[in-house]
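In my numbering, the protein residues as written are 169 to 247. Glycine included, C-beta positions come from ideal geometry on N, C-alpha and C. None of the values given here were measured: they were computed from a predicted structure.
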C-alpha cells in the first residue's frame with residue numbers, strides 16, 4: 169500500500185486495508201477448493217454466482233472464444 173501513488177484510490181479504500189488483504193489468501197483457497205470440487209474454473213463459478221443472485225444481471229466481457237464458452241456454461245449452470 170505504501171508503494172502506491174498518493175492519488176491512488178486503493179490507499180483509502182477499506183477493501184485494500186491491510187486487515188482485509190490478510191484474509192484474501194484464505195478466501196482464495198476456499199474458492200479454489202470449491203472450483204476443484206465442482207470441476208469448473210474460477211471465472212465460471214464467479215459468473216454462475218452472479219447470475220444466481222436475485223435482481224442482478226451479469227454482463228461479462230470476453231476476448232477469447234474459450235472465455236465465451238465458460239460464460240455460456242456458467243449461464244447454463246445457474247439455471
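Alpha carbon of residue 226 to alpha carbon of residue 208, nearest angstrom: In a straight line, the C-alpha of residue 226 is about 18 Å away from that of residue 208.
Reduced DSSP secondary structure (H/G/I, E/B, other) of residue 194: Looking at residue 194 - three-state DSSP - the assignment turns out to be helix.
Cβ-Cβ distance between residue 172 and residue 179 below 7 Å: Yes, Cβ-Cβ distance for residue 172 and residue 179 is below 7 Å.
CB contact below 7 Å: residue 182 versus chain B: The chain labelled as chain B is not found in the depicted structure, where only one protein chain is given.
Contact under 7 Å by Cβ, residue 211 with residue 238: Result yes, Cβ atoms of residue 211 and residue 238 sit closer than 7 Å.
CB of residue 302 within 7 Å of CB of residue 240, strictly: Look at the range of the chain in this structure, 169 to 247, and you will see that residue 302 is not part of it.
For residue 195 and residue 204, the rounded distance between their alpha carbons: So the two alpha carbons sit approximately 14 Å from each other.
As assigned by DSSP and simplified to three states, the class of residue 209: Residue state, collapsed to three classes: coil.
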